[in-house]
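Residue numbers (the numbering used here), protein chains in the order written: chain Y, 67 to 327; chain P, 67 to 327; chain L, 67 to 327; chain X, 67 to 327; chain U, 67 to 327.
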Amino acid sequence: MDISTIIGLVSGTIFVIISIIWGEGRVPLFLNWPSVMIVFGGIIAALFVSYPIPKLIEGFKTGKHVFSKQEIDPTDVISKINELALSARKEGLLALEEIAQGMEDPFLQKGILLIVDGTDAELLRSILETEIAFVENRHKDNQKFWESIAELGPAWGMIGTLIGLIIMLDNLSDPSTLGPKMAVALITTFYGSMIANLVATPISTKLKLKSSEEILHKQVMVEGLLSIQAGENPRVIEEKLKAFLSPGTRKVFDDKSKTEE
Amino acid sequence: MDISTIIGLVSGTIFVIISIIWGEGRVPLFLNWPSVMIVFGGIIAALFVSYPIPKLIEGFKTGKHVFSKQEIDPTDVISKINELALSARKEGLLALEEIAQGMEDPFLQKGILLIVDGTDAELLRSILETEIAFVENRHKDNQKFWESIAELGPAWGMIGTLIGLIIMLDNLSDPSTLGPKMAVALITTFYGSMIANLVATPISTKLKLKSSEEILHKQVMVEGLLSIQAGENPRVIEEKLKAFLSPGTRKVFDDKSKTEE
Amino acid sequence: MDISTIIGLVSGTIFVIISIIWGEGRVPLFLNWPSVMIVFGGIIAALFVSYPIPKLIEGFKTGKHVFSKQEIDPTDVISKINELALSARKEGLLALEEIAQGMEDPFLQKGILLIVDGTDAELLRSILETEIAFVENRHKDNQKFWESIAELGPAWGMIGTLIGLIIMLDNLSDPSTLGPKMAVALITTFYGSMIANLVATPISTKLKLKSSEEILHKQVMVEGLLSIQAGENPRVIEEKLKAFLSPGTRKVFDDKSKTEE
Amino acid sequence: MDISTIIGLVSGTIFVIISIIWGEGRVPLFLNWPSVMIVFGGIIAALFVSYPIPKLIEGFKTGKHVFSKQEIDPTDVISKINELALSARKEGLLALEEIAQGMEDPFLQKGILLIVDGTDAELLRSILETEIAFVENRHKDNQKFWESIAELGPAWGMIGTLIGLIIMLDNLSDPSTLGPKMAVALITTFYGSMIANLVATPISTKLKLKSSEEILHKQVMVEGLLSIQAGENPRVIEEKLKAFLSPGTRKVFDDKSKTEE
Amino acid sequence: MDISTIIGLVSGTIFVIISIIWGEGRVPLFLNWPSVMIVFGGIIAALFVSYPIPKLIEGFKTGKHVFSKQEIDPTDVISKINELALSARKEGLLALEEIAQGMEDPFLQKGILLIVDGTDAELLRSILETEIAFVENRHKDNQKFWESIAELGPAWGMIGTLIGLIIMLDNLSDPSTLGPKMAVALITTFYGSMIANLVATPISTKLKLKSSEEILHKQVMVEGLLSIQAGENPRVIEEKLKAFLSPGTRKVFDDKSKTEE
């Protein structure tokens with residue numbers, strides 16, 4: 067569980083509720099079904115026009131990634147590569163096949179099998195980088211999906227407010243109802259802003275971060291696999307891969323390595 | 067038929083109508099011919115200044131692509147390439163000419179004929195990639211056409227509202243008509259927002275998706291054709307091209323391959 | 067004459083006039099000299115700060131390109147290159163000099179003369195591509211000039227409205243004049259929007275299209291000239307250059323070629 | 067201490083306070099706890115959704131960099147490289163190891179140790195440039211963090227104002243309280259603008275400047291280290307590295323060099 | 067003197083003054099010291115947070131470039147290169163040293179001295195292009211400085227208006243003063259728009275143009291210097307460099323060359 071996403075969504079909602087109560091407003095006023103319908107309905111209708119149905123489902127599904135903690139740890143990747151490099155040195159490249167069988171990461175596994183099959187270094191890099199490029203593209207599509215929602219939210223909020231305003235202005239017979247009617251008209255704009263600024267834009271930002279982490283892991287793997295194939299010294303490989311770590315993570319990694327020794 | 071586009075446009079319109087009725091508004095109020103004229107007329111006038119007439123017609127025509135289902139399936143492309151690779155291996159490159167005659171895809175056909183003609187690999191790649199680049203450019207022009215509409219919609223909506231407001235303010239003699247007049251003035255802004263957020267932006271998004279799918283198919287073809295020309299092993303070719311598939315599609319493809327075996 | 071530009075500008079103006087009359091407004095109200103002065107004056111003043119005078123004049127002059135029909139036809143370019151390739155094959159590269167003398171296009175002419183002078187292929191490509199790059203840069207500067215106007219229009223429209231509002235609010239003695247005064251204040255915003263959305267943005271879009279067409283022609287010429295210099299087969303050259311055409315144009319070209327045969 | 071940041075934040079706050087007093091406003095009116103809660107609470111809630119907790123803490127921590135003066139001076143870097151080059155010339159590359167021990171800069175130190183270890187030039191450049199690329203990426207993430215705040219500020223300011231307006235409009239019973247209530251509703255928009263335009267955007271700009279300075283130093287180091295490894299003449303190295311300095315700094319550097327001679 | 071900048075600033079101010087008088091407004095109303103303080107004070111405070119003090123001073127100083135006429139003429143550069151090429155041909159590369167001494171342009175001078183020192187072509191290009199890249203970066207920083215002001219202007223204008231509005235709404239006791247107070251509140255928005263649209267954005271645009279001209283001159287110099295070093299024919303060099311000129315300038319250059327012959 068990525069606890070920060072939950073904290074953010076819950077606390078944001080609570081802040082809004084407190085703000086309403088503190089301002090002596092009625093909370094139920096802010097729960098207006100016609101407003102819910104036009105804003106959410108409008109967004110979903112626009113998404114249907116924007117995306118073929120499978121992409122639409124995939125887009126919503128990626129939303130759940132912001133709740134899950136990324137399991138992979140960059141230092142783990144380096145340790146694993148290091149292990150592989152040591153095995154390859156001692157027992158030859160073919161010995162990697164067995165290790166690959168027990169691996170969880172399909173990308174690393176595929177890379178090892180390609181090495182064992184004797185794939186040429188150039189081709190190996192090209193196959194793995196093509197795969198990374200496509201993973202990145204799919205991630206970008208999903209980030210754009212949530213950015214679309216972030217743009218559609220305020221837009222449909224404004225459409226809802228316009229509908230409310232036009233109806234209100236067309237029918238000014240009873241001025242005493244003007245205020246409450248306008249209050250209701252503004253609720254759609256409020257919904258649109260909340261969707262954009264508490265949900266969709268933040269989700270898109272978090273997806274971007276998770277994506278760049280995953281891509282980084284895969285790049286570390288590619289560099290590591292190519293070094294293993296080239297028969298480089300495990301120590302040099304480790305040094306090379308550590309360039310991919312942030313100074314903080316690198317320190318953690320170095321401490322861990324020392325403890326293990 | 068791309069059913070999602072229809073669902074989106076129809077449901078979006080229905081949501082707006084329900085919203086009007088639910089808000090106790092008169093639906094006919096929202097059908098205002100002068101407003102239709104200034105918003106749609108203004109957009110089309112601006113498009114005439116922006117685009118030469120043939121481009122304008124082409125731009126509108128591409129709109130229909132969002133209603134049609136893309137027929138090509140990436141796994142089909144790989145199967146076809148695989149078949150070609152097997153034929154080339156067994157019967158030589160010249161045997162491909164006959165197969166090419168029966169092909170529907172002009173791009174793949176052209177590529178095969180260039181191979182049969184003994185075109186140099188470098189030149190083959192350059193010709194096919196130039197073609198892809200130009201296809202991509204034409205697609206981008208069409209996406210921009212719909213993005214232009216998405217920007218012109220709210221802009222002409224605002225121009226219409228300004229005209230209505232100026233006339234209304236210039237003639238404040240009867241305050242009781244103020245409300246309805248302002249209601250009408252706002253309808254153009256409503257139209258502009260609907261055009262942008264239910265039609266033009268979503269169409270542009272969908273065109274972008276369809277374009278990147280088509281480009282992907284063509285890239286798979288280019289890689290496949292070059293591999294065939296180089297006389298690579300059909301199994302290696304298949305492995306290489308599978309890097310272009312998403313994990314989901316790849317699984318579908320692998321399952322299909324197994325069933326066929 | 068690029069008839070679409072005229073149609074757009076004229077019809078856009080007519081739509082606005084009809085909209086005013088239909089809304090029971092007085093057309094002369096929308097012709098307000100102080101408003102004209104502050105919006106147009108402000109835009110021009112800002113352009114003077116933005117551009118040195120020669121660039122300013124050049125920027126405005128390029129506006130006339132949107133009224134002129136691009137004469138060059140991509141299929142013509144290919145035919146001409148083909149002709150040159152045939153002459154070069156039959157009579158040698160030197161025979162091209164005479165043909166170059168009668169040419170209208172200075173770019174193609176320059177390229178041929180460089181070939182006749184025996185310029186090295188690398189250098190030939192570099193000289194011609196540098197020239198294309200600079201043509202493209204000059205075009206981009208001119209597109210930006212009109213984009214500047216498109217941004218300055220609404221900005222100075224708002225400045226005019228602010229001036230009007232401030233004066234009006236400062237002097238609320240006679241409330242009956244409030245409406246008409248505010249109407250007048252809004253006219254500058256109306257002008258600014260019209261300049262941006264009927265004139266400047268569309269002109270910039272059309273300039274971009276015309277530019278990319280011209281650049282495309284020049285790129286076709288460069289590829290053709292290099293192929294001629296390399297002594298490639300005229301048929302291969304034609305096939306290569308056809309990759310630059312859109313499928314529609316290519317079909318027109320093929321039909322024309324057949325008729326000519 | 068980067069005094070300019072302090073000057074800016076303090077003077078900006080003072081200008082606002084003077085402006086309130088000069089306008090005969092009550093300063094305490096602008097300190098409204100419910101407004102503080104919704105704007106700051108909303109921003110922080112959205113940041114929790116956007117960033118995993120460690121990134122969130124890191125993002126806020128980088129804010130302190132805008133208060134600290136960058137210690138490294140580009141001319142110092144060149145002097146240091148020059149010294150290293152002289153030592154390497156006189157006593158051989160191995161003599162650099164000892165010098166590296168006493169170095170403060172971990173990047174330069176790492177580079178020297180890699181040279182001493184006899185790392186291949188290609189690999190040396192690749193390791194160091196990978197490290198620079200990752201430093202740059204981390205810096206960009208932090209700039210984006212503050213840009214996120216700059217966008218969330220006005221957005222949550224508007225959400226606060228909407229909540230206030232909706233409550234006010236829903237309850238128009240006492241028109242005399244309308245003004246003060248609307249005043250309070252606008253305070254959140256005021257907070258949002260202040261956060262964006264006095265704090266978050268400026269901090270992001272300063273982080274960008276500091277980052278590009280640091281990257282520049284690192285690039286100078288890489289060029290210098292590679293030149294040292296290649297055994298280039300110290301004078302040529304100095305001339306080469308001076309290209310990285312601005313004319314002003316270069317003059318300072320030349321003057322200093324002369325004084326030292 | 068770049069007369070166009072003066073014309074623009076003066077005429078823009080005059081247009082605004084005429085607009086005020088024509089609208090029967092009082093010009094002194096638009097000179098409001100509290101408004102001046104909050105807008106200019108706020109912008110400067112934000113710039114202090116954004117930039118370290120030396121960068122801040124440099125940023126403002128570059129503003130004066132928009133008043134100075136660029137002295138260098140591209141045709142002059144080509145003539146000078148031509149001269150150098152002739153001398154090099156006749157008297158050898160070493161003869162260039164003397165000519166370099168009398169040169170005003172430090173970039174060209176440096177290039178010649180590097181040639182005379184026998185610098186390798188690869189290194190020569192790399193040193194000069196690094197220098198160009200850094201000049202370009204410094205120019206971009208300065209353009210961004212003025213773009214920052216263009217964004218801060220309207221933002222602080224809005225902050226000023228918000229302060230004015232909040233004070234006004236909080237104190238609605240005397241409705242007759244409502245208009246004038248709101249008029250004053252809007253003056254900061256007016257200032258912000260003027261700063262952005264008459265001063266800062268246009269200055270940034272002009273700086274961009276001046277920068278690209280200077281970069282172009284430097285690129286012509288690099289190409290010329292490399293050709294001289296390679297001992298190319300002066301006529302070929304001239305032809306090559308002319309590709310960098312716009313058709314208009316090229317014609318002027320050709321006419322001048324003829325007159326000189």
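Beta carbons are placed, not taken as given, at the ideal position from N, Cα and C, and that holds for glycine.
Asked, Found
"Would the stretch 263-278 of chain L count as touching the stretch 155-169 of chain L if we require 3 or more Cβ pairs under 8 Å?", "no"
"Alpha carbon to alpha carbon, how far is glutamine 295 (chain P) from valine 143 (chain P)? Give it in angstroms, no decimals.", "17 Å"
"Give the residues of chain L in contact with tryptophan 222 (chain P), contact being defined as C-beta atoms less than 8 Å apart.", "Asn263"
"Since I believe threonine 315 (chain P) is in contact with threonine 79 (chain P) (beta carbons under 8 Å), could you give me their beta-carbon distance rounded to a whole number of angstroms?", "Wrong, their Cβ atoms sit about 34 Å apart, outside the cutoff."
"When the Cβ atoms of the stretch 224-243 of chain Y are set against those of the stretch 180-194 of chain Y, are three or more pairs found closer than 8 Å?", "no"
"Just checking, does the stretch 100-117 of chain P make contact with the stretch 70-86 of chain L on the three C-beta pairs under 8 Å criterion?", "yes"
"Which chain U residues sit within Cβ distance under 7 Å of leucine 16 (chain X)?", "Nothing about residue 16 (chain X) can be read from this structure; chain X reaches only from 67 to 327."
"Count the other CB atoms, across all protein chains shown, that sit within 10 Å of the CB of glutamate 90 (chain P); report buried if there are 16 or more and exposed otherwise.", "exposed"
"Between which two residues does the alpha helix (DSSP H) containing arginine 204 (chain X) stretch?", "187-236"
"When you compare the CB of aspartate 139 (chain L) with every CB in chain P, is at least one pair closer than 8 Å?", "no"
"Give the single residue among U:Gln209, U:Ile104, U:Asn98, U:Leu174 whose Cα lies nearest to the Cα of isoleucine 193 (chain U).", "U:Leu174"
"Measuring straight from C-alpha to C-alpha, what distance separates proline 313 (chain U) and alanine 199 (chain P)?", "29 Å"
"Please confirm whether valine 102 (chain L) has its beta-carbon closer than 8 Å to some beta-carbon of chain U.", "no"
"Measuring straight from C-alpha to C-alpha, what distance separates leucine 95 (chain Y) and valine 250 (chain Y)?", "8 Å"
"Within 8 Å of any Cβ in chain U, is that where the Cβ of proline 246 (chain X) sits?", "yes"
"What is the DSSP secondary structure of leucine 244 (chain P), counted as helix, strand or coil?", "helix"
"Alpha carbon to alpha carbon, what distance is there between valine 265 (chain L) and valine 102 (chain X)?", "45 Å"
"Given a cut-off of 8 Å, decide if methionine 67 (chain Y) and lysine 135 (chain Y) are closer than it, judged by their beta-carbon atoms.", "yes"
"According to DSSP, simplified to helix, strand and coil, what is leucine 311 (chain X)?", "coil"
"In the DSSP assignment, find the alpha helix (DSSP H) that holds arginine 155 (chain P) and state where it starts and stops.", "140-157"
"Where does methionine 260 (chain X) sit, in a helix, a strand or coil, going by DSSP?", "helix"
"Kindly indicate which residue of L:Ser277, L:Val286, L:Glu305 has the alpha-carbon position closest to the one of glutamate 202 (chain L).", "L:Ser277"
"Mapping DSSP to helix, strand and coil, what is aspartate 321 (chain U)?", "helix"
"For the stretch 188-212 of chain L, enumerate the residues whose C-beta is nearer than 7 Å to any C-beta of chain U, in chain order.", "Ile193, Thr196, Glu197, Phe200, Arg204"
"If you draw a straight line from the C-alpha of serine 239 (chain U) to the C-alpha of arginine 92 (chain Y), how long is it?", "28 Å"
"What does alanine 111 (chain L) reach in chain U if we use C-beta pairs closer than 7 Å?", "Gly74, Ser77, Gly78, Phe81, Leu264"
"Do phenylalanine 310 (chain L) and valine 286 (chain L) have their C-beta atoms closer together than 8 Å?", "yes"
"Give the DSSP-derived three-state secondary structure of alanine 251 (chain P) in the structure shown.", "helix"
"Could you tell me the distance, in whole angstroms, from the CA atom of glutamate 170 (chain U) to the CA atom of glutamate 304 (chain U)?", "21 Å"
"Give a yes or no on whether 8 Å exceeds the smallest Cβ distance from tryptophan 99 (chain U) to chain L.", "no"
"Pick out whichever of L:Pro300, L:Val318, L:Phe319, L:Ser323 has its Cα sitting closest to the Cα of alanine 154 (chain L).", "L:Pro300"
"Within the continuous alpha helix (DSSP H) that includes glutamate 164 (chain Y), where are the two ends?", "162-167"
"In or out: proline 100 (chain Y) buried (at least 16 other Cβ within 10 Å) or exposed?", "buried"
"Let me see if you follow: with CB-CB separation under 8 Å, is threonine 254 (chain X) close to chain U or not?", "no"
"Rounded to the nearest angstrom, how far is the Cβ of glycine 226 (chain Y) from that of serine 70 (chain P), given a contact under 8 Å?", "Actually they are not in contact, since the Cβ atoms of glycine 226 (chain Y) and serine 70 (chain P) sit about 23 Å apart, beyond 8 Å."
"Classify lysine 284 (chain Y) as helix, strand or coil using the three-state DSSP reduction.", "helix"
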